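The opening residue of the sequence shown carries number 73 in my numbering; numbering runs sequentially from there. Quick reminder that beta carbons are idealized off the backbone N, C-alpha and C, glycines included. All values derive from a computational prediction rather than experimental measurement.
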Amino acid sequence: MRNHTYQPPLEFALQRPMEEGSYSAVKLLLPDPPNGDSEDEAFFYKRNGSILGYFNRCMHRPLPMDLADGKFLDTEGFVICRVHGARYELETGLPAFGPAISGLFRILCEEKGSTLRILGWEKAERESGDLLREYRTS
């Protein structure tokens, strides 16, 4: 699994705590993104009390997924690549449907009051055998 740890963790002051259920993402530039592009942004949402973050790169084609407006979710709550239509599960970063065949790069983070702490990132991957189980049940 590809991963990276920030030592020490990165800390970003938020203007206010992240809003639960918002459809607008918080976007940040992080050092050492997985593809090496220093302009590759990360985006974050808050769902069920947890902060979920990913790098803004579609795994179908290495392009930003939003249209520079900070919106990454479709009406059903999937992360969507608005260029190709690939959709990913917000909770896991795994492909849900569309042309993508691998997961997003997930940001490991936590919210502490008005501070967002970034611990690192990892490639979202299915557990061994998940694809086979899905194939057999479909």
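Margin query: Let me check one thing: in DSSP terms, what residues is Tyr117 bridge-paired to?
Written below: Leu124
Checklist line | Nearest to Tyr95 (by Cα), restricted to the options Thr147, Ser174 and Glu111 | finding: Thr147
Next item on the list: Taking only runs that begin and end inside the stretch 113-200, name each unbroken alpha helix (DSSP H) of 4 or more residues, in chain order.
Entry: none
Check: How would you write the range of the beta strand (DSSP E) that Leu100 sits in, first residue to last?
Finding: Val98 to Leu101
Notebook entry, point to check: With burial defined as no fewer than 16 other Cβ atoms inside 10 Å of the residue's Cβ, what is the status of Asn128: buried or exposed?
Noted result: buried
Notebook entry, point to check: Roughly how many angstroms separate the alpha carbons of Thr209 and Arg198, rounded to a whole number?
Noted result: Only weak support is given to the placement of Thr209: the predicted model assigns it a pLDDT of 40, under 50, and the question is left unresolved by the model.
Check: Quick one: Cα of Cys143 to Cα of Ala97, how far?
Finding: Checking the sequence shown, residue 143 turns out to be Lys, not Cys. Approximately 6 angstroms, taken between the alpha carbons.
Check: Got a sec? Which residues, its chain only, sit under 6 angstroms from Thr77 by beta carbon, not counting five neighbours each side?
Finding: Gly192
Next item on the list: Out of Pro103, Asp104, Arg74 and Ile123, point me to the one whose CA is closest to Leu86's CA.
Entry: Ile123
Check: Leaving out the 5 sequence neighbours to the left and right, which residues in its chain are closer than 8 angstroms to Cys181 when beta-carbon positions are compared?
Finding: Phe116, Ile123, Gly125, Leu188, Arg189, Ile190 and Leu191
Note to self: Are the CB atoms of Asp138 and Arg154 within a distance shorter than 8 angstroms?
What the structure shows: yes
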